[in-house]
Amino acid sequence: MAKEITPRSENYSQWYLDIVKKAGLADNSAVRGCMVIKPYGYAIWEKMRDQLDKMFKETGHVNAYFPLFIPKSFLSKEAEHVEGFAKECAVVTHHRLMNDPNGNGVVVDPDAKLEEELIVRPTSETIIWHTYKDWIKSYRDLPLLINQWANVVRWEMRTRPFLRTAEFLWQEGHTAHATAEEAMEEAALIHEVYTRFAEDFMAMPVIKGAKSANERFAGALETYTIEALMQDGKALQAGTSHFLGQNFAKAFDVTFLNQQNTEEYVWATSWGVSTRLVGGLIMTHSDDEGLVLPPKLAPTQVVIVPIPKPEPEIMIAADRIADDLKAKGISVLIDTDDKNRPGFKFAEYEMKGVPVRIGLGKRDLENNQCEVARRDTKTKEFYKLDNIGAAVADLLDDIQNNLLQRAKDFRSEHTTAVDNMKDFVDVLDNKGGFVLAHWDGSPETEQKIKEETKATIRCIPLDAVEEEGTCIYSGKKSNKKVIFARAY
RNA sequence: CGGGGCGUAGCGCAGUCCGGUUAGCGUACCUGGUUUGGGACCAGGUGGUCGCAGGUUCGAAUCCUGCCGCCCCGACCA
């Protein structure tokens with residue numbers, strides 16, 4: 121065994137780090153808290169990005185790009201917003217280096233101090249709304265539906281590859297609308313796009329809900345979230361869509377003339393998902409043998425391994441199979457390496473999460489067949505070479521569906537309703553997962569529960585059933601259960 | 001910012017307590033050969049300023065002082 125992965129049962133956190141490293145997704149970098157996303161990891165992000173980008177465009181959005189740097193004064197214009205981000209900002213103070221007079225390489229040139237310091241964006245609301253002020257004059261300029269793909273920096277104390285890094289890649293949508301209703305619809309629309317993406321492409325079931333006041337985005341009136349459940353029973357906030365009301369319009373004085381020629385502040389939304397999704401993908405499907413990828417996001421969907429090695433006769437047959445698969449829109453890699461033996465390659469491709477592996481040897485050719493192994497169940501079957509393209513296409517669909525179903529089953533098994541604090545703590549400590557409980561709606565109660573149990577309200581589900589009940593902490597009246605969990 | 005751990009070959013480590021040949025092992029890599037349907041084997045080889053800077057000593061990976069970095073756990077957060 122050349123490359124061992126720590127079993128999940130032994131140390132889940134180490135297992136996650138092993139997968140990231142050994143599947144070749146990312147490396148630690150020379151910069152604390154920042155990672156190098158390696159080609160294979162980046163390929164997964166590209167698949168996500170391309171699909172999301174397509175979905176944004178289909179819903180009428182266009183891409184643009186705003187600066188990395190934000191003047192410090194911008195950040196302080198929206199009080200809650202600055203409070204939310206001030207503690208984790210990187211600040212640019214100088215614009216030039218010079219040779220150290222003492223001969224120790226380069227040092228910051230003290231004469232090159234910036235008049236106004238620049239903040240490396242932790243998110244772009246402020247600079248975008250500063251810009252929107254110039255772009256929006258009339259109701260005819262609305263709605264303004266813009267997205268940007270960018271990197272942002274949040275100086276986190278504790279980081280983990282993909283799940284939380286000091287610098288990360290994401291998309292941030294920033295829209296402006298004439299009415300509150302329209303902005304709320306936009307926030308809901310994106311919420312729905314994120315849900316569809318998570319379930320249909322990542323095969324990661326999510327709960328759609330609203331954040332409590334404590335967990336809301338800094339500066340938002342309402343934050344919608346999709347919450348996923350990881351295999352270790354912890355929740356992952358996978359995407360958020362915010363209704364910002366007129367907060368940023370007022371902070372940056374963005375107004376428009378409506379059809380009655382009266383001036384109004386515009387209504388705003390913002391929304392984003394990040395490279396954190398890659399972490400969620402890993403922790404939703406992967407196992408002790410390595411990464412497991414849903415076919416729709418796998419950089420390589422099928423790998424063909426010649427057995428025992430790439431000999432001409434086998435390679436010709438492999439090419440023919442690859443052509444059949446490609447004709448069905450399937451991405452295929454033919455392994456042409458003649459150094460390693462098949463067993464080694466099998467383990468490697470399993471580590472990398474390739475959904476389907478086709479083994480092809482002389483014995484198979486004689487029988488007009490190939491050996492097809494699926495990564496999700498680790499089962500193997502012989503397929504006839506006739507019509508292999510269609511058969512594998514069906515198999516990939518089956519794998520995609522199976523992964524979603526498996527994740528849904530896991531979530532159902534790890535979603536527990538409780539009526540009192542004792543059961544609440546018991547479930548958190550011994551079972552994990554989502555815990556449904558009545559809550560009195562007050563930030564104070566939520567805070568107390570968090571302090572005592574480390575569980576937070578992940579969301580107030582949009583489809584929560586109305587029912588009479590009493591808050592598990594305060595005993596006060598409540599009309600629906602909300603979802604608690606310990607979270608990443 | 002607290003608590004723990006670690007820095008020796010690309011990777012994983014031993015050696016450090018108790019200073020002493022040419023710094024070692026596994027793996028990876030290169031050569032040659034034998035193998036080949038689930039992580040092959042044999043033989044030969046390449047590769048190191050022992051994290052950095054001082055100090056002690058005839059002699060430092062090893063002892064002393066200072067510094068730097070990284071990882072894990074926690075508080076904070078997407």
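Going letter by letter, the first sequence gives residues 121 to 608 in our numbering.
Cβ atoms here follow ideal geometry from the backbone N, Cα and C, with glycine treated the same way.
Measuring straight from C-alpha to C-alpha, what distance separates Y385 and K142? Translated into positions along the first sequence, residue 385 becomes position 265. Translated into positions along the first sequence, residue 142 becomes position 22. C-alpha separation (whole angstroms): 52 angstroms.
Contact between the segment 172-187 and the segment 245-252: three or more CB pairs below 8 angstroms? yes
Which first and last residues belong to the beta strand (DSSP E) in which F288 is found? One-based indexing of the first sequence puts residue 288 at position 168. That run of the beta strand (DSSP E) goes E287 to H297.
From which residue to which residue does the alpha helix (DSSP H) around Q567 run? As a working note, residue 567 is residue 447 in the first sequence. That run of the alpha helix (DSSP H) goes P563 to T573.
Distance, K197 Cα to L234 Cα: Here the question's residue 234 lines up with position 114 in the first sequence. Here the question's residue 197 lines up with position 77 in the first sequence. Each residue's alpha carbon lies about 20 angstroms from the other.
With 16 other CB atoms within 10 Å as the buried threshold, where does K472 fall? Taking the first sequence and counting its residues from 1, one reaches residue 472 at position 352. Label assigned to K472: buried.
Limits of the unbroken alpha helix (DSSP H) element including Q525: Numbered from its first residue, the first sequence carries residue 525 at position 405. Note, Q525: alpha helix (DSSP H), I508 to E533.
Cutting at 7 angstroms between CB atoms, please list the residues of its own chain near T565, excluding the five before and the five after it. Looking up residue 565 in the first sequence gives position 445. These residues qualify, in order along the chain: W559, C591, Y593 and S594.
Does the pairing of the segment 296-304 with the segment 257-264 give three or more beta-carbon distances under 8 angstroms? yes
Which residues does DSSP pair with I580 in a beta bridge? Numbered from 1 along the first sequence, position 460 holds the residue referred to as residue 580. BP columns for I580 point to A330.
Residue from W269, T499, C490 and E130 whose Cα sits closest to the Cα of I508: Translated into the one-based positions of the first sequence, residue 508 becomes position 388. Selected option, being the one with the closest Cα: C490.
Anyone know if the C-beta pair for F530 and Q351 falls short of 8 angstroms? Looking up residue 530 in the first sequence gives position 410. Looking up residue 351 in the first sequence gives position 231. Going by C-beta atoms, F530 is nearer than 8 angstroms to Q351.
Continuous beta strand (DSSP E) stretch holding I427: start and end: Taking the first sequence and counting its residues from 1, the one referred to as residue 427 is at position 307. Per DSSP, I427 belongs to the beta strand (DSSP E) from V422 to I427.
Report the three-state DSSP secondary structure of V547 (helix, strand or coil). Taking the first sequence and counting its residues from 1, the one referred to as residue 547 is at position 427. V547 falls in the helix class under three-state DSSP.
Among residues of its own chain, excluding the 5 on either side of D506, which ones have a beta-carbon nearer than 8 angstroms to its beta-carbon? Reading the first sequence from its first residue, position 386 is the one you call residue 506. Excluding sequence neighbours, D506 sits near N488.
Any 3 or more C-beta pairs closer than 8 angstroms across the segment 171-179 and the segment 310-319: yes
In three-state terms, what does DSSP make of H215? Within the first sequence, residue 215 is the residue found at index 95, counting from 1. Reduced to three states, the DSSP call for H215 is coil.
Output the distance between the C-alpha atoms of G552 and A527, rounded to the nearest integer angstrom. For the purposes of this step, residue 552 is taken as residue 432 along the first sequence, with counting starting at 1. For the purposes of this step, residue 527 is taken as residue 407 along the first sequence, with counting starting at 1. Going by the C-alpha atoms only, they are around 15 angstroms apart.
G359 in three-state terms, based on DSSP: Translated into the one-based positions of the first sequence, residue 359 becomes position 239. DSSP places G359 in strand when its eight states are reduced to three.
To test your reading of the DSSP string, which unbroken alpha helix (DSSP H) runs of 4 or more residues are found completely within the segment 467-509? 482-486
Using a Cβ-Cβ cutoff of less than 6 angstroms, which residues in the same chain neighbour V240 once the five nearest sequence positions on both sides are dropped? Translated into positions along the first sequence, residue 240 becomes position 120. Correct list, in chain order: A210 and V273.
Between K568 and W255, what straight-line distance do the alpha-carbon atoms span, to the nearest angstrom? The sequence position of residue 568 within the first sequence is 448, counting from 1. The sequence position of residue 255 within the first sequence is 135, counting from 1. About 45 angstroms.
What's the C-alpha gap between K354 and Y608? Indexing the first sequence from 1 puts residue 354 at position 234. Indexing the first sequence from 1 puts residue 608 at position 488. Looking at the two C-alpha atoms, the distance is approximately 7 angstroms.
Could you give the residue range of the alpha helix (DSSP H) that holds I139? By 1-based counting over the first sequence, the position of residue 139 is 19. Its alpha helix (DSSP H) spans residues Y132 to K142.
Those residues which DSSP pairs with M155 across a bridge: Residue 155 sits at position 35 when you count from the first residue of the first sequence. Bridge partners of M155: N148.
Cα-Cα separation between G144 and K448, rounded to whole angstroms: Locating residue 144 in the first sequence gives position 24, counting from the first residue. Locating residue 448 in the first sequence gives position 328, counting from the first residue. Cα-Cα distance, rounded: 28 angstroms.
V212 versus L238: straight-line alpha-carbon distance, rounded: Locating residue 212 in the first sequence gives position 92, counting from the first residue. Locating residue 238 in the first sequence gives position 118, counting from the first residue. About 5 angstroms.
Buried/exposed call for M121, threshold 16 Cβ in 10 Å: In the first sequence, the residue the question calls residue 121 occupies position 1. Because M121 sits at a pLDDT of 39, beneath the cut-off of 50, its placement in the model cannot be relied upon, and the point is left open.
Where S129 and A340 are concerned, what is the direct C-alpha to C-alpha distance, given to the nearest angstrom? Stepping through the first sequence from its first residue, residue 129 is reached at position 9. Stepping through the first sequence from its first residue, residue 340 is reached at position 220. Roughly 39 angstroms between the two C-alpha positions.
Beta-carbon spacing of P430, R461 below 8 angstroms: Within the first sequence, numbered from 1, the residue matching residue 430 stands at position 310. Within the first sequence, numbered from 1, the residue matching residue 461 stands at position 341. Their beta carbons are not under 8 angstroms apart, which means P430 does not touch R461 by this criterion.
Neighbourhood of V228 by C-beta distance below 7 angstroms, restricted to the same chain and skipping five residues each side: Translated into the one-based positions of the first sequence, residue 228 becomes position 108. Within the same chain, V228 has close Cβ partners H214 and L217.
If A323 and Y344 are in contact, beta carbons under 8 angstroms, what's the gap, nearest whole angstrom? As a working mapping, residue 323 is identified with position 203 in the first sequence. As a working mapping, residue 344 is identified with position 224 in the first sequence. About 21 angstroms separates the two Cβ atoms, so there is no contact after all.
Contact check, I577 vs V602, beta carbons under 8 angstroms: In the first sequence, the residue the question calls residue 577 occupies position 457. In the first sequence, the residue the question calls residue 602 occupies position 482. The answer is yes: Cβ separation under 8 angstroms.
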